[in-house]
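J.:
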Amino acid sequence: MTAYAVAHLTHPPANMPDEILLYMDRVQATLDPFGGRFLVHGGLIEILEGTWPGVLVLIEFPDIATASAWYESAAYSAIKALRTRNIPSHAILADGVAADYDAAHTAALLRQSGHGSAAVEERDATSVG
447 MTAYAVAHLT
457 HPPANMPDEI
467 LLYMDRVQAT
477 LDPFGGRFLV
487 HGGLIEILEG
497 TWPGVLVLIE
507 FPDIATASAW
517 YESAAYSAIK
527 ALRTRNIPSH
537 AILADGVAAD
547 YDAAHTAALL
557 RQSGHGSAAV
567 EERDATSVG
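No gaps in the numbering here: position 121 of the sequence shown is 567 in our numbering, and each next residue is one more.
1. Between the beta-carbon of A451 and the beta-carbon of S535, is there less than 8 Å?
2. Alpha helix (DSSP H) containing D464: first to last residue?
3. Cα separation between A537 and T530?
4. Our contact map puts I505 next to G482 with C-beta atoms below 8 Å; I'd like the distance itself, whole angstroms only.
5. If you compare alpha carbons, which of L455, F480 and Q558 is closest to E518?
6. Helix, strand or coil for H576 per DSSP?
7. Pull up the distance between the alpha-carbon of G500 and that of V473, whole angstroms please.
8. When the Cα atoms are used, what is the spatial distance from H551 to A545?
9. Quick check: the Cα distance between D509 and A524, rounded to an integer number of angstroms?
10. Which of the three DSSP states is assigned to I525 in this structure?
Structure representation (structure tokens):
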């Protein structure tokens, strides 16, 4: 299942230092052997809720094991500090969902396993009609 590396670069400098430019020169070569590709790399964002200082980076991988292998690889480890020394950030790996994923089905499974309350279910059932 597709997985993603997600980074929130919270305070990128207005003038990118040489180390960041060097990181950008080299990062794609670390992604290629793992099938990684950028989906979002900075660019315009529209803030819908809360605040969002900085920029978003989203990289797609074939699966979470491959994403983790990329992050732990010697090639990426060799350049990672070029970024982390210069831009504060938060980074995660996240598993994607299947193409036929249905949030309502997941909610039903959670209810069956004891999550939620009967009062909420009854209220929702009566407000549908």
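Beta carbons are placed, not taken as given, at the ideal position from N, Cα and C, and that holds for glycine. As the structure is a prediction and not an experimental result, all values here were calculated from the model.
T.: Let's see:
1. no
2. D464 to L477
3. 11 Å
4. 5 Å
5. F480
6. With the chain represented from 447 up to 575, any question about residue 576 goes unanswered, as that position is not in the structure.
7. 20 Å
8. 14 Å
9. 23 Å
10. helix
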